[in-house]
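As structure tokens, the structure follows; a few thoughts come after it.
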Amino acid sequence: MKVKVLSRNPDDYVRETKLDIQRVPRNYDPALHPFEVSREYTRALNATKLDRVFAKPFLASLDGHRDGVNCMAKHTKSLSTLLSGACDGEVKVWDLTKHECVRTLQAHEGFVRGIVVRYCGTSFFTVGDDKTIKQWKMEAPGYGEEEEPLNTVLGKTVFTGLDHHQNQAVFATCGQQVDIWDEQRSSPIRSFTWGVDSFSSVRFNPVETELLASCASDRSIVLYDMRESAPLKKVIMKMRSNTVCWNPMEAYYFTCSNEDYNLYTYDMRYLDRPLTVHMDHVSAVLDVDYSPTGREFVSASFDKTIRIFPKNAGHSREVYHTKRMQHVICTKWSADNKYILSGSDEMNIRLWKANASEKLGVLGPREREARNYNQKLREKFQHHPQIKRIARHRHLPKNIFHQSKELRIMKEARRRKESNVRKHSKPGAVPVVSEKEKHVLTVVK
Amino acid sequence: MASAGEATVNASHVGKKKKSAARYWENPQGESKDENKDVEDGDQTETTEKVDQKKTQEAKKRKQEENDMAGKKFISGKSDPFPGPAPVPEDRIQKFKRKNKNKMPRPHPKLRDIIRQSDKASEMSQEQAARFDLLLPEDAGFLEGDEGEDTCMISQEDIANAVDITSGAKHFNLKLSQFGPYRVDYSKTGRHLLIGGRRGHIACLDWQSKQLMCEINVMESVNDVKWLHSESMYAVAQKKWLYIYDSRGIELHCIRKFNDVLRMQFLPYHFLLATASATGFLQYLDVSVGKEVAAICTKTGRIDVMCQNPYNAIIHLGHHNGTVSLWSPNQKEPLVKMLCHQGNVRSVAVDKSGTYMVTSGMDKKLKVYDIRAFKPLKSYFLPAGASCLSLSQRGLLSAATGDIVQVYRDVWSTPVTKPYMAHRAQGAVWGLQFCPFEDVLGVGHGDGFTSMLVPGAGEPNFDGLDANPYRSAKQRQEWEVKALLEKIQPELISLDPHELGQVDQASFKQRHQDRVQALGFDPLATEKFIPRHKKKGRSSAGNIEKRKKQVAHEDQRTVIRRTVEDKMKIQQEREAREKKAAVLSSQKSALDRFKK
Numbered sequence: 001m002k003v004k005v006l007s008r009n010p011d012d013y014v015r016e017t018k019l020d021i022q023r024v025p026r027n028y029d030p031a032l033h034p035f036e037v038s039r040e041y042t043r044a045l046n047a048t049k050l051d052r053v054f055a056k057p058f059l060a061s062l063d064g065h066r067d068g069v070n071c072m073a074k075h076t077k078s079l080s081t082l083l084s085g086a087c088d089g090e091v092k093v094w095d096l097t098k099h100e101c102v103r104t105l106q107a108h109e110g111f112v113r114g115i116v117v118r119y120c121g122t123s124f125f126t127v128g129d130d131k132t133i134k135q136w137k138m139e140a141p142g143y144g145e146e147e148e149p150l151n152t153v154l155g156k157t158v159f160t161g162l163d164h165h166q167n168q169a170v171f172a173t174c175g176q177q178v179d180i181w182d183e184q185r186s187s188p189i190r191s192f193t194w195g196v197d198s199f200s201s202v203r204f205n206p207v208e209t210e211l212l213a214s215c216a217s218d219r220s221i222v223l224y225d226m227r228e229s230a231p232l233k234k235v236i237m238k239m240r241s242n243t244v245c246w247n248p249m250e251a252y253y254f255t256c257s258n259e260d261y262n263l264y265t266y267d268m269r270y271l272d273r274p275l276t277v278h279m280d281h282v283s284a285v286l287d288v289d290y291s292p293t294g295r296e297f298v299s300a301s302f303d304k305t306i307r308i309f310p311k312n313a314g315h316s317r318e319v320y321h322t323k324r325m326q327h328v329i330c331t332k333w334s335a336d337n338k339y340i341l342s343g344s345d346e347m348n349i350r351l352w353k354a355n356a357s358e359k360l361g362v363l364g365p366r367e368r369e370a371r372n373y374n375q376k377l378r379e380k381f382q383h384h385p386q387i388k389r390i391a392r393h394r395h396l397p398k399n400i401f402h403q404s405k406e407l408r409i410m411k412e413a414r415r416r417k418e419s420n421v422r423k424h425s426k427p428g429a430v431p432v433v434s435e436k437e438k439h440v441l442t443v444v445k
Numbered sequence: 001m002a003s004a005g006e007a008t009v010n011a012s013h014v015g016k017k018k019k020s021a022a023r024y025w026e027n028p029q030g031e032s033k034d035e036n037k038d039v040e041d042g043d044q045t046e047t048t049e050k051v052d053q054k055k056t057q058e059a060k061k062r063k064q065e066e067n068d069m070a071g072k073k074f075i076s077g078k079s080d081p082f083p084g085p086a087p088v089p090e091d092r093i094q095k096f097k098r099k100n101k102n103k104m105p106r107p108h109p110k111l112r113d114i115i116r117q118s119d120k121a122s123e124m125s126q127e128q129a130a131r132f133d134l135l136l137p138e139d140a141g142f143l144e145g146d147e148g149e150d151t152c153m154i155s156q157e158d159i160a161n162a163v164d165i166t167s168g169a170k171h172f173n174l175k176l177s178q179f180g181p182y183r184v185d186y187s188k189t190g191r192h193l194l195i196g197g198r199r200g201h202i203a204c205l206d207w208q209s210k211q212l213m214c215e216i217n218v219m220e221s222v223n224d225v226k227w228l229h230s231e232s233m234y235a236v237a238q239k240k241w242l243y244i245y246d247s248r249g250i251e252l253h254c255i256r257k258f259n260d261v262l263r264m265q266f267l268p269y270h271f272l273l274a275t276a277s278a279t280g281f282l283q284y285l286d287v288s289v290g291k292e293v294a295a296i297c298t299k300t301g302r303i304d305v306m307c308q309n310p311y312n313a314i315i316h317l318g319h320h321n322g323t324v325s326l327w328s329p330n331q332k333e334p335l336v337k338m339l340c341h342q343g344n345v346r347s348v349a350v351d352k353s354g355t356y357m358v359t360s361g362m363d364k365k366l367k368v369y370d371i372r373a374f375k376p377l378k379s380y381f382l383p384a385g386a387s388c389l390s391l392s393q394r395g396l397l398s399a400a401t402g403d404i405v406q407v408y409r410d411v412w413s414t415p416v417t418k419p420y421m422a423h424r425a426q427g428a429v430w431g432l433q434f435c436p437f438e439d440v441l442g443v444g445h446g447d448g449f450t451s452m453l454v455p456g457a458g459e460p461n462f463d464g465l466d467a468n469p470y471r472s473a474k475q476r477q478e479w480e481v482k483a484l485l486e487k488i489q490p491e492l493i494s495l496d497p498h499e500l501g502q503v504d505q506a507s508f509k510q511r512h513q514d515r516v517q518a519l520g521f522d523p524l525a526t527e528k529f530i531p532r533h534k535k536k537g538r539s540s541a542g543n544i545e546k547r548k549k550q551v552a553h554e555d556q557r558t559v560i561r562r563t564v565e566d567k568m569k570i571q572q573e574r575e576a577r578e579k580k581a582a583v584l585s586s587q588k589s590a591l592d593r594f595k596k
């Protein structure tokens, strides 16, 4: 007779001393783990619920400005530094880790219209309503010294926007025309006009560094090459665009925030129709900024909310609002992809998490593993109706909720009317125009 | 560098072993062998051609070696004969394969990438799991007789003497003749044992260390006992009500909604206690919140045969008319009704993989069914019929006939003629259960309890996060919290537990029907045309009818126009295609027939 009976040595399965961690022998045989799918689904449901429970995006409010915040700039070298310009001409430099203002300077008379940090991070430029461009040192003046700009250029007209070249001593301003300036000279080295009276925003392309895009008040977005004397091409839309922002990773895409409550992502090679129309805001969109990964962007709107859109989604994945936040004028996505900053009318700058339920600080290895696992589960089961419902739900202020409902009804009515017109007219007389094509008037080269 | 002599040795050695796999390093070796032959021949009759050939071969070899050196840096001068990770045997991977592969007819291009990536990831994880299988520490038990010796003739004492002391101590008898016969239940980890005597005696013990946790007499008849999710609580079906006690024997609850319970089953992943009563009710109690989830009147009279399918948490009930019915808490009707026996069903058991069901009936038959296809597989005749059945984790079947317990092996794959093991208990057997993760069969009978050694019954390797027999109190608490967090809702119980992970390919029609049912009206229905009332006698019955007809014709015309358009389109396409083909055929040149 040959016999063997299961006999385990407990020493192999329990820890030796109390200081050890417990032993957990594993066996991945699927037969020992029944209801795999249902259990994963339950876990995904829990993860989704917890995600909403922990969604507390608001971190801090930076107060100190004495008028509405009109523009902000990220520091190019330091993550914790932020510069902001207010409507009373004051510029403040903030330390984001301490949530405090480290420096204040009266830069301009009237509005600060634009602010940008030089690529080396040692100085920054401001433009204002007093028709001047000023260059300032990044470090504060020593004790007893007076706050004075390094350089001041007096322009002919009011400047409304400003951007600096990625790696050359060249910057661009916009106003009545788009000007390219050399830092050493007091007159522009080039200026572009194309039959419009003013521009609201100008941006250098982060990859093709000689390219620029600007928004004009004749409802057009104009592309320029700095090396050429004339603009490249422009697209005219139904409504005016406020700002434009290039995608930092796929730099042939740019997104513009429009007065018609939408944002449009264009491919600069094919301007005749936008790639995506991003809808959700219920009032004019004032500013837009891409995340450094180029996968998402944040938009600030006159409707007192900021929204986060995936770059190719038609609707936002997140909306941030507080009771006290008024019309949001400018917004920035921090360079470490973790935070969002918004400057609003009521003189405050707010710091938000880019990912509402993210835990801040260093994660332990098990924490990180659990987070990744939960994220994967949520992704796997995202289309199940129960999970979708919980993940999508956002609380909105009452007026925005009703306004969006109203807009939806209006849109539906318009669509219905159009289809009725089509039904009662000669076939082909009223063609179907897609949502993307609706908002573009012409492309001019 | 290997010299020519070494090369021959290597070559012969390799040749002896196998020649199948073509390796890149074999080529130069083969050539060197040829050369050696040439050298050994040493004939002066070598033609100059041969010399040339040899030279070129040598040159080739040198070149090849140089190439090899350039491609990889050999430290010892020898290449790895088994490059890459070791292959995993196909059968081992098969064990970890998930059955439900999402086969979509033509996925969206965006989806296709996602599906491909997730398939790749799951394949990789399956392979890793299969690789890990090699490291499992324990092997299953076995019992083999000598030549001419039947394993069923080997007595329990012999086995207990033959194995080591700790294993031998797992065979024991509890002589409890006063309050028998006994029902038996092992906890999910197999560490704790609960026995309940017919006449009210209940005891729970840590059976390996033989430590008594509690012992009470409820002074009432006891129909069934069951551990709940952990060893801290158990349920007892007493004469009238269902009671819940803790491991110290303190009564926690008396549940008056559950009366005359005869049999119980606990669904560990759903935290549901399913009870079958003498009044014919099947009731589900959620033990995590203490709420009754479902009460189903089966309308089949007294139910005292019950088991669960561990694969999909479906409850199987055996009835007096020979049918076995399958139930889920979501449906008032049985999911399936099978006629299994002529006469009473005495016992039912379902295996761990949810593939096979074994039933025994008053017709003295033991039948094996495939319950995925609902087909009978095997039918055995037992002279006395089996009163209790139990299946072990590794698929051994124990059947009790009177006071004899027989254990069978491979009942569903091969026709069985004699039992694997047999044992005679002191009294008629009333409860029978295999202990999980141990080679032990617990037998409750009229004279107490017997723990039998059945080599090869238990799963040798447990999963520490699922059911760990060696867990500490702290670990148990942690497990309890985790298990409660991922409690599966009773609505998810269905015949196919993988249904949730599959693509819902309900047709538009079906979805529309569901929507109509949920809303109470049809949102897509066209409004019925009601003619407006017109004055001056223009709303006569005939006029109204005429207007109605006009509208109806208008609608019909649009439908007809659309179909005609579609037809025209198809015809045009066909014509264009034919025209193209004709043009192509007319361009044929005379030389085309020489082409292949």
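Residue numbers (full-length UniProt numbering), protein chains in the order written: chain H, 1 to 445; chain C, 1 to 596. Just so it is clear, CB atoms sit at the ideal spot from N, CA and C, and this is done for glycine as well.
*asked:* Against chain H, does A422/C count as a neighbour if the rule is that its beta carbon must be under 7 Å from one of theirs?
replied: False, the Cβ-Cβ gap to chain H never drops below 7 Å.
*N- and C-terminal bounds of the alpha helix (DSSP H) containing C479/C*: Strictly speaking, residue 479/C in this sequence is Trp, with Cys absent from that position. That run of the alpha helix (DSSP H) goes 473 to 485.
*Answer with yes or no whether the minimum CB distance from Y470/C to chain H is below 7 Å.*
Under the Cβ distance rule, Y470/C counts among the residues neighbouring chain H, one pair being separated by less than 7 Å.
*asked:* Can you confirm whether Q505/C, when its beta carbon is compared against all beta carbons of chain H, has any partner nearer than 7 Å?
replied: By this cut-off, Q505/C is not an interface position.
*Counting contacts by CB-CB distance shorter than 7 Å, is F142/C in contact with chain H?*
Answer yes: the Cβ-Cβ gap between F142/C and chain H drops below 7 Å somewhere.
*Buried or exposed: Y470/C, going by 16 or more other Cβ atoms within 10 Å of its Cβ?*
Buried, by the Cβ-count rule.
_How far does the alpha helix (DSSP H) with M124/C in it extend, from its first residue to its last?_
Boundaries of the alpha helix (DSSP H) harbouring M124/C: 109 to 133, taken from the DSSP string.
*Sorted by chain position, which residues of the same chain lie with C-beta nearer than 6 Å to M226/H's C-beta, five sequence neighbours on each side aside?*
The beta carbon of M226/H sits closer than 6 Å to those of I180, E210, all from its chain and outside the five residues before and after it, given in chain order.
_Going by C-alpha to C-alpha distance, which of A140/H, T76/H, K426/H sits closest to L105/H?_
Nearest neighbour of L105/H by Cα position, chosen from A140/H, T76/H, K426/H, turns out to be A140/H.
*Between R190/H and E228/H, what straight-line distance do the alpha-carbon atoms span, to the nearest angstrom?*
Going by the C-alpha atoms only, they are around 9 Å apart.
*Determine, using beta carbons only, whether I159/C and L453/C come nearer to each other than 7 Å.*
Taking 7 Å as the Cβ cut-off, I159/C and L453/C qualify as a contacting pair.
*Cβ contact check for the segment 403 to 423 of chain H and the segment 197 to 214 of chain H: 3 or more pairs under 8 Å*: Result no; under three Cβ-Cβ pairs closer than 8 Å.
*Just mark I560/C as buried or exposed, buried being the case when its beta carbon has 16 or more other beta carbons within 10 Å.*
When all chains shown are included, I560/C counts as exposed.
*What residues from the segment 114 to 130 of chain C come within 7 Å of chain H, judged by C-beta to C-beta, listed N to C?*
Here the close residues are A129.
*Should Y41/H be flagged as near chain C, meaning a C-beta pair shorter than 7 Å?*
For Y41/H, the answer is yes, since a Cβ of chain C falls inside 7 Å of its Cβ.
*Answer with buried or exposed for N399/H, where buried requires no fewer than 16 other C-beta atoms within 10 angstroms of its C-beta.*
Counting C-beta atoms within 10 angstroms of its own C-beta, N399/H has fewer than 16 neighbours from the protein chains shown and is therefore classed as exposed.
*Closer than 7 Å to chain C by CB, A55/H*: Closer than 7 Å: no.
_Contact defined as beta carbons within less than 8 Å: I believe E147/H pairs with D130/H. What is the distance between those atoms, to the nearest angstrom?_
Wrong, their Cβ atoms sit about 16 Å apart, outside the cutoff.
*Hey, out of G128/H, T331/H, P10/H, whose CA is closest to K156/H's CA?*
Answer by Cα proximity: G128/H.
*May I ask you to list the residues that DSSP assigns as paired with I404/C?*
BP columns for I404/C point to T401/C, R424/C.
*Count the other CB atoms, across all protein chains shown, that sit within 10 Å of the CB of V51/C; report buried if there are 16 or more and exposed otherwise.*
Only weak support exists for where V51/C lies, its pLDDT of 49 falling under 50; the value from the coordinates is given anyway. Under this definition V51/C is an exposed residue.
*Quick one: what's V287/C bridged to in DSSP?*
V287/C pairs with nothing; no bridge assigned.
*Which ranges would you report for the alpha helix (DSSP H) in the segment 29 to 54 of chain H if only whole runs of at least 4 residues count?*
Counting whole runs of 4 or more residues, the segment 29 to 54 of chain H contains the alpha helix (DSSP H) stretches 36 to 53.
_When you compare the CB positions of S299/H and V285/H, do they come within less than 7 Å of one another, or not?_
Cβ distance < 7 Å, so S299/H and V285/H count as in contact.
*asked:* Please identify, using Cβ separations under 9 Å, the residues of the segment 21 to 42 of chain H that lie next to chain C, in order along the chain.
replied: Listed in chain order, the positions of the segment 21 to 42 of chain H with a beta carbon within less than 9 Å of a beta carbon of chain C are Q22, R23, V24, P25, R26, N27, Y28, D29, P30, A31, L32, H33, P34, F35, E36, V37, S38, R39, E40, Y41, T42.
*How is the beta strand (DSSP E) around R190/H delimited, first residue to last?*
Segment 190 to 192, the beta strand (DSSP E) holding R190/H.
_Contiguous beta strand (DSSP E) assignments of at least 3 residues, all confined to the segment 144 to 192 of chain H_ = For the segment 144 to 192 of chain H, whole beta strand (DSSP E) runs of length 3 or above, ordered along the chain, are 151 to 154, 161 to 164, 170 to 174, 178 to 182, 190 to 192.
*Kindly indicate if chain H contains any beta-carbon less than 7 Å away from that of E31/C.*
Note that E31/C scores 44 on pLDDT, short of 50, meaning its location in the model is unreliable; the coordinates nonetheless yield the value given after this. Not an interface residue.
*Take the Cβ of C120/H as the centre, count every other Cβ of all protein chains shown within 10 Å, and call the residue buried at 16 or more, exposed below.*
Result: exposed.
*asked:* Tell me which residues share the same chain as S387/C and place their Cβ nearer than 6 Å to its Cβ, disregarding the 5 neighbours each side in the sequence.
replied: Exclusion of the five residues before and after S387/C leaves R346, A400 as the residues of its chain whose Cβ lies within less than 6 Å of its Cβ.
*Could you tell me which residues DSSP pairs with G442/C in its beta bridges?*
DSSP, once it has assigned bridges, lists Q433/C, S451/C as partnering G442/C.
*Can you tell which of H281/H, K238/H, T293/H has its C-alpha closest to the C-alpha of P274/H?*
Of the listed residues, the one whose Cα sits closest to P274/H is K238/H.
*Using 8 Å as the threshold, is the segment 483 to 492 of chain C in touch with the segment 231 to 250 of chain C, meaning 3 or more CB pairs across them?*
Cβ pair count under 8 Å is below three, so no.
*7 Å Cβ cutoff, E147/C in contact with chain H*: Using a CB distance cut-off of 7 Å, E147/C does not count as an interface residue toward chain H.
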